[in-house]
Structure formats: C-alpha cells, structure tokens
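Residue numbers (our numbering), protein chains in the order written: chain A, 1 to 474; chain B, 1 to 474. To start, the structure under review is shown below, and the notes come after it.
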C-alpha cells in the first residue's frame, strides 16, 4: 500500500510549498519536491494536504435523535435524550457509520466515541460500534460512557432533600465490564483504541474514578470524561466535594497527560493552572455548548496557560451535526468576543494545529499522529481547492477554516489506506446507510417527555429561574 | 409558468402536513391536499417546502478577499479590506454571481447587497452587480454603500487631535449618483430593488443621511445601514453626537418601518425601545460579529421588545462564507449563552420565520413575500429530506436549522421561476464561474498592509489595549 502524492500544496512556515509526499508501510516516508514515485502516483495539483483532524468528543448513537430535542439546558436535555435512546445494537452500528461518514467528509480521520451503552446489552453495544468503525476504516477511540449514580443525582439539591434511585449497574459491575471490553476490543494495531470514560463528577463516585484510573494504568490506555459543562455542575461539585471539581479530580489522581476532558466551560483560573500542571487536554465542543446554553469555554485562557486544546462535535443531538469543520470554525472565532485584544485570537493555522496535533496529544499519540511529519502514521486529508466554497484562491487554510466548505474533501487516508476518494467514502455503501437511517425513523415534531416535566420545576428553582408554565416546545 | 408541487411536506401549526401547492402567474395560488395539477407536476415526495430566506446583509465583492484578512477587529479589518479591494466591474459581476449561488444553495432566494462602489466607476459597479443578479435570477436588493467621511474618521479620537482627509466624493455628488442609479436600476417588477444605504454613523454626515431620507421618501424605497457594530462605534457616537447613535438617528428621522440596520451589537435598553417604536428591523450577522470580535448582538432582547430581526451572512471576507443556513444556525443558538432562561431561546421554527418573514418585513415586503401563503409571490425552496445530513427522520425543520446540511436544497424558485433544480443552479454555468474565480486569483498567505500599521497604534490606545509589537499574522 505505497503511494506518492504529487505536486500537492502543504503549509510551510508562514506560506505554502508544492511538494511530493511518499507513503510506505502506513507511514509518511518522505516529503520533498520532485520525489521518485513509490507505488501508485496520485495527482495532487490544486489540492491541499493536511493531517487528519480528530473529532475528539462525540456520542455516536445520538444521531438517532438529532434535530428533535427542544432548546433546553443539558440537565433537561439529558432526561429527554435517555428517555428516547436507541435500544438495538444494530442502531448503534448504523449511527457509528453515519458519524464516521460525516467526520471523514469534514476533515476528520479519528473519532472519540463516548459511547452510550444499551442497558443489558453493553458488550453488544461496543461490538456494534467497533464493527462499524472497522468496516469504514476510520481510526476509532471507543470510550464507553459509564456512571454509577442515577440521572437526577446530576442536578444540585440546593439544600432540598432528594432521593436518588440506585443506578442500574453497580460500580464493580461497570469496572468488570470495562475490563472485559478492553480485553476483547482494545487493538491499536487495527485502529481501535479503548479508553476508560466515567461520564463526569456529576454521576460518578470516587470508587468508579479510582477503578478507571487503575485500568488506565494497568493497560496503558487513556482517560476521557465530561468536565464542568454547565453551571449546575459547578454548583454540584461544591455540594459534593466542598471544592472545585478540578481540585477533586486532581486529588484522586484522575488528571494526567493521558486524560482528555470534554467541555471545561466553568473552570476558574486555579482550575486552569491545575489542567496545565497535570498536562490534561481540553476538548472544546463549541456547538453543543451554544445549543444547550452551557456557556463559552475560556479557550483563550487555556491556550495562554499552555493547556492542550482539541475540538469535538459532541453528540449529534446537541449540535445537531457531525461536521468537524463547523466545530473548528465556530470553536475558533467564538472567542474573539471574549477578549478585546486580537493578538490573542486564534488564527486558522493555529486552529489546524489544535484540530490535528492537539487531538493526537490528547490521546497520548502526539508522536505518532497529528502532523505532516516523516515517520508519522499516514492519516491524511486532501482538499480540493477548486471547489466553489474555496474560491477565489486566497489563503487555502484561511478559506478552509473560516469559510463553510461543502464537499471540499477529495481524499482521505487512515494508516495509509484510502477510505475517501473523489469526495466519496469508498469502504461502505452510503446509499445503503441512508436507506437504513430513513427506514428506521419517521418524521416527528412533538414527543411528550415525562422525564423533563418530572425534573423541570426543581431545576428551575435550583438555577434561580422564575417559576412558569412549561413552554410548548415546537 | 404554472406548476404544481405534489405531496410536499409543509409546516402546519406545530406539526407537518403533506399537501399540493399550485403556482400560477408567479404567485402561490393554492395550498391543499390532492389539488388538480395546474401546469407542470413536480414530485415533492420526501421533500420539505419552505419560503425562501433572505440573506439580508452582505457585500458581494468581499468574496475576492475571503479567507485572507487576519484576525483583527472591524476598524483594522476595514483598512485592509479597502487597501486590496477589487477595482474592475467585471470582478463585481463575478462575485455577485458567486454570492447568489452560495445564497441559493443554502436556502436564500433574496439577497441584500450593501455594494461597495469602485471609485470612479460607481455606476459601472452597480450595473455589473445588477447584471449578475438578473442573469442568475435571485431577487436582489441593491444598496450601494455610500459615505462622505474618510475611513479613519470612523475611529474615536479619544481627545487626540486627528486630521481626516476629505472623502473622495462630496455629499452632493453621492446623492446625485444615487438618484441616477435609482432612475436607471430600480425595477421591482424584474426583481431588482434599490435601497439608499449610507454606511453608518461612523462615516456619514447628517446631510448624507438627510439626503437619503429624501430619496427614500420620494421613490418609496427602503433604507439600509450598519449600526453600532463595534464598541468603538459606540464611543464614536458619543463623541460625535453627545448621545447614542440610535437617539441621533431617531432625531433625524432615519428610523422607520422601511429601515433595516445591520449588526446592532452595542445598543442599550433605551435604544432597543426606539427600534421597536420606529418599527426598524435588525439584521443579525452573527458570524462576522464573532470573526471580527464585535460582540454578541442582544437578539433575545430585540425579540422580547418586538423588534423585527432577520439574518445576514455579511460580506464574505468577514465570515468567510455566504452560507445562509450557517448564519441562521449560529445566529439562533448563540444567544442560549446570554440568557439562562431557556423559555426565551429561539426554536428552529422561530428561526425559519425570522429568516423568511423577518427578511421580507425588513424590506417592507411582508405582504408579498416570506411565507407559504396563497396570494404571495412564489419564492420557494424545496429541501431533499433524504440527504444524509437530514437523516434519520426526526423534525425536518430541526434538522435543517440545527444541523449542518450540505447540498440539501433540491430546488428553488424566485417569482415562480425555477433557478435551482436537482441541487444545481440552472441559470448560469457554475463551472465557468469557478474557472473565472480561479483564474483571476492566486494563493497568497501574507499581504503587507500599510493601512493597518498606520492606524493600529492609535486604535490600540483608544480601545485601552496594551501597546505591543504587531503580531505576525498568518
């Protein structure tokens, strides 16, 4: 599987160069002008080559509910999400494919799937997602979402007495399940990586975090969690620990260079210093943070403090898309309104570095992936610069990141294997995928969610919102 | 040119209905299930019909500089924009076509072009844009951008003595030019509408505003300006008038139900009450407001005050795209972080109404356009709901507004004439357009802008930013 990309545009220093790129044995073996052709020759004229980006946080099965959950904050949104969650592993397989297709066609070659497990069919859920990702060929990081507290434990009590039902699976059972899954599915050689992924402080006990740390150390695998996505979670951490969530996670040794944390909206300066010191990674999910009204993560502060930042789409029912270029654009320009000093603003080249190398570093793979470097694995994306959305010719990376390219991806390779050619995914039949998605769904407008109505009044009271009749969501 | 859309999905109340829609003599003549076929039958199965949206504020010729202007605030960005502005009317023709294509393929059937005029070739510039829009068939609102003060007058002086060069064209000459252009080009019957469009308080004298008001009244045409896009403009208004810009514009009678105002980021509650009272329209340009760090416009407050709001892409070098669906999505979800009470958040159906009827009202055409209503003009867009980005089937409007649809537009009609079919613009050759854009441009990374360096130090001082060496923008 050797090939040579000829006459391709690549970023060099502050400009661009036209070079040839040789790929051999799944790796980049040479980058220079006018190389000999090794293997197949691929014409790169008028095309831009970049390292593949990381969709560094998503929940693939949320694709089944995109477009439908009303505009409410996370705590209420989650109630509705879980009430209508897909219950068949085959659905998980299909939405893993859908998530992969949209990620690939928007510049991503890796996906971190914080995978929601179907109760009672946990291993089947993981198997279904792994099957989908292997079939399509995207590099996949499977992070099964575990918790050991029930959903309403995630809302601050604010001094009220509240009973929480026991979660359906014990702490020990979840850890046992993870160990089985790691033994069965963790296989980096084949592009499938396992992560331990306790959902976050709002629904996990210390025992669960500690069990995950032990697994992470024993198997040398990464850790992935949500962190302080909402103001409610910030309040909850104070109730639960008497200190910030970040201080607590540091105390129990969860934070490390192998730890990536989705959202990180409600951190203070001390918290940020702890992330820097522990070399933890922030995964920025700007679109879901807006959609759910969670807030604007202080990304410029993270960068100034030296914290590694990457981008995620988050699940497709809080976004409601899996378009990585959209997440990168909004996640870059959004912060220009939080700091008047434009010298701090993120440039398009910096965005590319965050999306590629930032993603790789967050998964402890900065030496193997994330840049056009001889010796690194060949996860590559070739963009067609003659696409209308990338014209007229100005700065190709500026056009790609700040524009809204559609169908700009010409080709993509993962580990040197081509899985997108001429703008189409080659490893699966996308028409069949569309047919499955179409036939397994129906147009709906209103769902009656019992869960939201059960918790809404308490939520509004805790958050200091005026009491009022529920809005008819439409 | 009669036709009947059969079995098409349309929004009704809180749900959807499957209906037939008859179009005769450029108007919607009937909407009901199982109508007789009048004219050509068009299959609408698995398609969603909506009124065409308005790209209610853009500057078409900025397309030539998209992707290239560094991340700086408006006042510096403008300096760079003007320094490298296109100087040939033929370029204006081409970028009008490009702007129209991207607008059409993202749900827009109308565009308001706040058109930058080439010095010395003003009428030729307008003629070139009009020619492009007529050729492609989009409904076009031509708003030639005029001013009578030079660019650096737009930065507050903050007590320093600053000399401003005289602007290249006198107030009287600009008004004379507008009158000639109105006589020559204003032709609503053919889909070309003229607007008076003094750029804004930062670069216009009262005499210019007053001359525009007179033309607007005499010819019954609308008024269009920028308003308080940046904090610097808010400071400038206080220096210039001793009151807010909105109070001043009210005093000189510029505000009316025929007035639409782009941006409106820095208004206070009193200003908002004035907009409501005068029935002025706010055009929300969320993407350029983020990209230029201008701020987040208080859109929820406008809606609560009863101010009409529509969406614009703004020019393609501050966005850097002309994708209307992107502007609508971000312009809707962005405000969920400014008000914790989710009962105030904008729902996808409300977004559609803002983008269609809000746009029409802002141009004093609420009775003729902007909704699927019998008797209104047939500016219609048909979306293909079998597109991957709109699957699985949930709430079609939720998917369209909150997702990131690509190639979702199947067909579009303006005034009953089809100009998009099967996802392609039918009235011009888009490949030729791409070729023109490609051949008239070159890939560049760094331009040396003299203008920015001339004003940057003063700008930083006025805005209270620390003195420091200019960043090497890349």
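Cβ atoms here follow ideal geometry from the backbone N, Cα and C, with glycine treated the same way. These numbers come from a predicted model, not from an experiment.
Starting from the C-beta of residue i, find all residues in its chain whose C-beta is less than 6 angstroms away, skip the five residues before and the five after it, and write them out in chain order.
| i | result |
| --- | --- |
| residue 73 of chain B | 292, 293 |
| residue 382 of chain B | 47, 49, 410, 411 |
| residue 473 of chain A | Residue placement at residue 473 of chain A is poorly supported in this model, since its pLDDT is 48, which falls under 50; the coordinates still yield a value, given next. Same-chain partners within the cutoff: 70. |
| residue 320 of chain B | 66, 67 |
| residue 150 of chain A | 164, 165, 167 |
| residue 248 of chain A | 241 |
Which one or two residues does DSSP pair with residue i in a beta bridge?
| i | result |
| --- | --- |
| residue 19 of chain A | A/8 |
| residue 142 of chain A | A/113, A/194 |
| residue 108 of chain B | B/53 |
| residue 384 of chain B | B/47 |
| residue 377 of chain B | B/27 |
| residue 222 of chain A | A/195 |
| residue 263 of chain B | B/227 |
| residue 283 of chain A | A/262, A/310 |
From the beta carbon of residue i, is the nearest beta carbon of chain A less than 8 angstroms away?
| i | result |
| --- | --- |
| residue 257 of chain B | no |
| residue 65 of chain B | yes |
| residue 477 of chain B | The question about residue 477 of chain B has no answer, for chain B in this structure spans 1 to 474. |
| residue 345 of chain B | yes |
| residue 15 of chain B | yes |
| residue 441 of chain B | yes |
| residue 303 of chain B | no |
| residue 306 of chain B | no |
| residue 113 of chain B | no |
| residue 473 of chain B | Any reading at residue 473 of chain B must be qualified, since the residue scores a pLDDT of 48, below 50, and its modelled position is unreliable; no value is offered. |
| residue 467 of chain B | no |
Do we get a CB-CB distance below 8 angstroms when we pair residue i with the residues of chain B?
| i | result |
| --- | --- |
| residue 354 of chain A | no |
| residue 320 of chain A | yes |
| residue 309 of chain A | no |
| residue 285 of chain A | no |
| residue 92 of chain A | no |
| residue 58 of chain A | no |
| residue 7 of chain A | no |
Please look up how many angstroms separate the CB atoms of residue i and residue j, rounded, as I've assumed it's under 8 angstroms.
| i | j | result |
| --- | --- | --- |
| residue 476 of chain B | residue 361 of chain B | Shown here, chain B extends from 1 to 474; a query on residue 476 of chain B therefore has no answer. |
| residue 348 of chain A | residue 397 of chain A | 5 angstroms |
| residue 20 of chain A | residue 5 of chain A | 6 angstroms |
| residue 311 of chain A | residue 30 of chain A | About 29 angstroms separates the two Cβ atoms, so there is no contact after all. |
| residue 255 of chain B | residue 274 of chain B | 7 angstroms |
| residue 201 of chain A | residue 237 of chain A | 6 angstroms |
| residue 400 of chain A | residue 66 of chain B | Between residue 66 of chain B and residue 400 of chain A the Cβ distance is about 11 angstroms, and since that is not below 8 angstroms, they are no contact. |
| residue 125 of chain A | residue 314 of chain A | With a Cβ gap of about 19 angstroms, residue 125 of chain A and residue 314 of chain A do not count as contacting. |
| residue 117 of chain A | residue 144 of chain A | 6 angstroms |
| residue 141 of chain A | residue 113 of chain A | 7 angstroms |
| residue 309 of chain B | residue 358 of chain B | 6 angstroms |
Quick one: what's got a C-beta closer than 7 angstroms to residue i's C-beta in the same chain, skipping five residues either side?
| i | result |
| --- | --- |
| residue 423 of chain B | 407, 409, 410 |
| residue 239 of chain B | 156, 157 |
| residue 306 of chain A | 276 |
| residue 103 of chain A | 55, 111, 138, 322, 324 |
| residue 443 of chain A | none |
Return the chain-ordered list of same chain residues with a C-beta closer than 8 angstroms to the C-beta of residue i, the five sequence neighbours on each side being excluded.
| i | result |
| --- | --- |
| residue 455 of chain B | 75, 76, 79, 152, 155 |
| residue 433 of chain B | 94, 97, 98, 101 |
| residue 170 of chain A | 148 |
Helix, strand or coil for residue i per DSSP?
| i | result |
| --- | --- |
| residue 128 of chain A | helix |
| residue 64 of chain A | helix |
| residue 447 of chain B | coil |
| residue 431 of chain A | helix |
| residue 307 of chain B | coil |
| residue 3 of chain A | strand |
| residue 258 of chain B | coil |
| residue 74 of chain A | helix |
| residue 417 of chain A | strand |
| residue 206 of chain B | helix |
| residue 461 of chain B | helix |
| residue 173 of chain B | helix |
| residue 394 of chain B | coil |
| residue 508 of chain B | Because chain B here runs from 1 to 474, residue 508 of chain B falls outside it and cannot be looked at. |
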